[in-house]
Structure formats: C-alpha cells, structure tokens
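Residue numbers (UniProt numbering): 6 to 459.
In this text, a Cβ means the ideal position worked out from N, Cα and C, and glycines have one as well.
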Ligand code: PLP
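Structural data, given as structure tokens:
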C-alpha cells in the first residue's frame, strides 16, 4: 500500500479508536464492508459534502453512506422535518398506523407507475426478502434466479455468487451457485439459480429450461449501481419473464431516486412486478420499501384472513403472507425520506446533480488519460465507478480482469489528499457537492496518480 508515513501519523487517532473497538466488535466494524487495511478511518462528524475524522482531517465524501446521503450530510430541510415530526407527534414511534405511512406510500405510487401498493421495512435487505417470499407464494415454485455479481442483502437465498472466485464460478453461460459466506447450506445454493447478466440468450435458455422451478428473477438493473443493463437485455428479460409467468423483481435500493427520481425503471421504461427500495428513501435513516402489482401485494393483506392477530376463532382458509416489523414505517424515518424526496422533486435539483456528476466523470477521465492510464468511468445517473481497463465492462466477469491494485493505491493516496471513497468503491454524488469540490477532487487525483506512478 502506497501510503506515506505522514498519513499514518495523521490518522493515528483512528488507529487507536479501531484498536479499542476490535476488542469488543469483531474486526472493529459493525458491517464487514466498513473494513479496510490497515484499519478503517473513524469519522467524528460531517456537514454537506465533507466528513471529518477523529483526528480532525477533512474529506470530500464520495461514499455518502453507500449512496444514501443524496443531499449530503445534515441537510437543513431534512433536519427540520425530523425535529418537527418528533415535536409534533410527542414520541418517536407508536406501533400503530399513522398519516406519514399513507403520505409516503402515495408519493411512491405517484413516482413509480409499476407500484399499486407499498409496504415499508427497515432495510433494503428486508425489502428484497419480502419480494422473494411474495413471489414464491404467488407462483408456488421452490426456486429463485439471480444474476452473478448482484447484491440484494446478506441473507442466505441471495448471498450467492455476488463476488465468486472464478475457479468456482463455472461456465459463463451457465454459472454455478457459489456461497458468499461460511455457514450457508447446500440447500440454499440449490434454491438459487444463477444467471449471466447482460446475456439475454443464455438467460433465456436457463429460464426456459427451469421455468417449472423458478418463481422469481431478481436483479439490480444497474449492477452494483454502476454497470448498466443493455436496453435490449432489459426488454428481453421483461418479455421472457412475462411469457413464463415468472415474477420480475427490480432491486432499486441503489438506483431508486438516483438514476432519475423514478429509478432505472423510469430510464428503461420497463415495469417490473415488484420493486425494492432503500437508501435515499430514508434520508439517512434505516429504511426499505417494497412496491408492486396489486394482486401480488395483496397476498400479505391481513384482510385475507388467517393472520395470527386477526384470525380469532375464525376458520383459516387463505392465510395471509407474513410481514411484520416493530419499526416498519417509522415516523422519523418517513419524515426524513419525504423531506429528501420533496427536495429532489424541486425543478432543476436532479438535473444540476446530473450535470455535476458528468463534470466530475469527464474531469477524472482526462486526468487518467493524461497520465497514459487506460481508464473509463462506468455508470449512470449520479453513481459511477473508476475502472482501469480499455475493455468493455458489462458484467461481473469483465470486472475480474481490471487493475484493482493501481486503483486501490490511488485511493489510499486520495485519502491522504482529503478525498474519501472506501478504496475500490464506486462514487456517489450529492447535491451538496460544489463545482469547487469537483475541481479539488480532479486535482487530488492528478497528484495521487503522480505519486503512485512515480
Ligand atoms: N440491494 C442493493 C442493490 C443494495 O445495494 C443493498 C445495500 O447496499 C441492499 C439491497 C441491502 O440494503 P440494506 O443495506 O439497507 O439492507
């Protein structure tokens, strides 16, 4: 790692804090993804586009809590909405219905034409899990299909072939199901069929061959938030799933409100059967939502009877699909999310954010090319990644050959220069990033690349 001694000294407080945390938290991190060597940087506070660590170092933030903070940190409008909600309701949560649930559900139904109804969860993971359970109840078939390299949360059914070793991954046109974690069972792997992203012919062949087993296909329309599906692939996937009666689930946890307000489905003009949302929807608080077709969503209505709390002495003929959660539809979360979406809906806000993202992408491409590096920015909307290759990037396998080592070395230098991305991670933009931030970021890349190459 090309880190200067100077930088290690600058983040000595992070090293100490991490060492303390390691004693009581495995690896010192509450999510494995937060870890990087030699130790993560421990943040203290943030404002707008800036993070400040425990040593007082400032960073322009492109992680933005994995894309969630689309208005930057501590946006006044979101803060006001949260404070006002707590003041007005006099509590934090009731465990009963309340008006913000309806307000947000109506907002989502208005933004996403594919949604007739909505349920809220506390995370993106819970939203995709609910989608899969609904699809399995709807179609009554034992398996689901997902794409190699796509992430839908950390549970056994989908923690398959997200980042597989190529030695285990099998043929491109017929990928193996590979476990991403110890502790998973053969049965989990057997229940999840893996498809090759952006390869319609191979995907169609697998789906036709296994149509009697597969209830649902789930995908990130833009893999990892930055590798877009081809338009013909998306349209073909919609057609084939419709023909075979397979439920099509869009996981728009990253792309919702970030490619366009209406997510990838708006951009591609395709209506999935179910859509999972998260991240931006909570305005910085824990959230998820599932929206979709009336006939599928209705499967979880307790009005169908059979719900454990409402069935009483009645005879249960058609048990409702179970969905519950103490904090589902939390008022504070929904207030923050509504304030965020309201702001994004204001004229010019999304277009200005898209303009700034394009400006940063072009500036960065120029800098890398000036240094003779083969580099492309790959992405759509307000998310992109820096990929060090000339080759076309269109799926998980095309990423396995890119030069990650140089990329990570540059990222470590960038930390020293006050640019925060988790080494190797994609860039997300916020409305708080200024043109000056962008210019500073481009200049920092220039210096970082020089340091690594010389
Ligand atoms: N789906 C996608 C596409 C995601 O990017 C993520 C999180 O990064 C999830 C699901 C899981 O969301 P959460 O971390 O809120 O559980």
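For the candidate residues the options, whose alpha-carbon lies nearest to that of residue i?
{"i": "residue 141", "options": "241, 48, 218 and 392", "result": "218"}
{"i": "residue 14", "options": "28, 46, 306 and 30", "result": "46"}
{"i": "residue 155", "options": "222, 249 and 66", "result": "222"}
{"i": "residue 69", "options": "353, 103 and 436", "result": "436"}
{"i": "residue 234", "options": "454, 269 and 406", "result": "269"}
{"i": "residue 249", "options": "64, 307 and 209", "result": "209"}
{"i": "residue 415", "options": "438, 147 and 447", "result": "447"}
{"i": "residue 163", "options": "131, 175, 171 and 29", "result": "131"}
{"i": "residue 384", "options": "431, 80 and 83", "result": "431"}
{"i": "residue 358", "options": "44, 149 and 77", "result": "77"}
{"i": "residue 212", "options": "190, 253 and 439", "result": "253"}
{"i": "residue 112", "options": "62, 343 and 287", "result": "343"}
{"i": "residue 133", "options": "48, 258 and 50", "result": "258"}
{"i": "residue 376", "options": "43, 434 and 458", "result": "458"}
{"i": "residue 261", "options": "346, 215, 244 and 251", "result": "346"}
{"i": "residue 44", "options": "62, 114, 30 and 23", "result": "23"}
{"i": "residue 452", "options": "421, 427 and 356", "result": "421"}
{"i": "residue 445", "options": "372, 427, 96 and 388", "result": "372"}
{"i": "residue 277", "options": "301, 283 and 173", "result": "301"}
{"i": "residue 297", "options": "110, 307, 25 and 85", "result": "110"}
{"i": "residue 428", "options": "71, 245, 189 and 30", "result": "71"}
{"i": "residue 349", "options": "139, 173, 157 and 80", "result": "80"}
Which residues in the same chain as residue i place their Cβ atom closer than 6 Å to its Cβ, once the five residues preceding and following it in sequence are excluded?
{"i": "residue 193", "result": "161"}
{"i": "residue 364", "result": "443"}
{"i": "residue 303", "result": "none"}
{"i": "residue 8", "result": "With a pLDDT of 48 at residue 8, under the threshold of 50, the predicted position of this residue should be treated as unreliable, though the coordinate-derived value follows. Cβ within range, chain order: 417."}
{"i": "residue 185", "result": "164 and 167"}
{"i": "residue 51", "result": "78"}
{"i": "residue 275", "result": "239 and 243"}
{"i": "residue 169", "result": "183"}
Skipping 5 residues on each side, what residues in its chain have a beta carbon closer than 7 Å to that of residue i?
{"i": "residue 441", "result": "none"}
{"i": "residue 291", "result": "127, 128 and 338"}
{"i": "residue 2", "result": "There is no way to answer for residue 2, as the model of the chain reaches only from 6 to 459."}
{"i": "residue 393", "result": "378, 379, 380, 407, 408, 411 and 412"}
{"i": "residue 203", "result": "234, 235, 238, 399 and 400"}
{"i": "residue 2", "result": "Lying before the first or after the last residue shown, residue 2 is absent from the chain, which here runs from 6 to 459."}
{"i": "residue 147", "result": "196 and 218"}
{"i": "residue 271", "result": "265"}
{"i": "residue 273", "result": "226, 236 and 239"}
{"i": "residue 90", "result": "336, 337 and 340"}
{"i": "residue 288", "result": "83, 341, 342, 344 and 345"}
{"i": "residue 455", "result": "none"}
{"i": "residue 403", "result": "396 and 397"}
{"i": "residue 283", "result": "128, 129, 132, 258, 292 and 293"}
Please confirm whether residue i and residue j have their CB atoms less than 8 Å apart.
{"i": "residue 227", "j": "residue 279", "result": "no"}
{"i": "residue 187", "j": "residue 165", "result": "no"}
{"i": "residue 4", "j": "residue 295", "result": "Outside the shown range of the chain (6 to 459) lies residue 4, about which nothing can therefore be said."}
{"i": "residue 285", "j": "residue 137", "result": "no"}
{"i": "residue 423", "j": "residue 64", "result": "yes"}
{"i": "residue 241", "j": "residue 205", "result": "yes"}
{"i": "residue 54", "j": "residue 438", "result": "yes"}
{"i": "residue 144", "j": "residue 19", "result": "no"}
{"i": "residue 305", "j": "residue 325", "result": "yes"}
{"i": "residue 48", "j": "residue 58", "result": "yes"}
{"i": "residue 1", "j": "residue 390", "result": "With the chain running from 6 to 459 in the structure shown, residue 1 is simply not present."}
{"i": "residue 62", "j": "residue 16", "result": "yes"}
Return the chain-ordered list of same chain residues with a C-beta closer than 8 Å to the C-beta of residue i, the five sequence neighbours on each side being excluded.
{"i": "residue 370", "result": "380, 381 and 382"}
{"i": "residue 207", "result": "177, 178, 179, 200 and 201"}
{"i": "residue 159", "result": "130 and 186"}
{"i": "residue 215", "result": "148, 150 and 198"}
{"i": "residue 247", "result": "253"}
{"i": "residue 106", "result": "125, 334 and 339"}
{"i": "residue 103", "result": "94, 334 and 336"}
{"i": "residue 85", "result": "344"}
{"i": "residue 108", "result": "339 and 343"}
Since residue i and residue j should fall inside the 8 Å C-beta cutoff, what is the C-beta to C-beta distance between them, to a whole number of angstroms?
{"i": "residue 98", "j": "residue 340", "result": "At roughly 12 Å, the Cβ-Cβ gap does not stay under 8 Å, so residue 98 and residue 340 are not in contact."}
{"i": "residue 135", "j": "residue 328", "result": "6 Å"}
{"i": "residue 56", "j": "residue 299", "result": "Contact doesn't hold; Cβ gap of about 43 Å is too wide."}
{"i": "residue 387", "j": "residue 356", "result": "Actually they do not touch by this definition, with Cβ atoms about 11 Å apart."}
Does any residue of chain B bring its CB to less than 8 Å from the CB of residue i?
{"i": "residue 297", "result": "Note that chain B does not occur in the displayed structure, where there is just one protein chain."}
>> Does the stretch 108-118 come into contact with the stretch 188-208, if we say contact requires no fewer than three beta-carbon pairs (one atom in each stretch) closer than 8 Å?
In response: In short, these stretches do not touch, since the Cβ pair count stays below three.
> Taking contact to mean at least 3 C-beta pairs separated by less than 8 Å, is the stretch 124-138 in contact with the stretch 323-333?
Replying inline: Of all C-beta pairs linking the stretch 124-138 to the stretch 323-333, three or more are shorter than 8 Å, placing the two stretches in contact.
> Within the chosen definition, does the stretch 38-55 reach the stretch 393-404 through at least 3 CB pairs nearer than 8 Å?
Replying inline: The stretch 38-55, when compared against the stretch 393-404, does not touch it at the 8 Å Cβ threshold.
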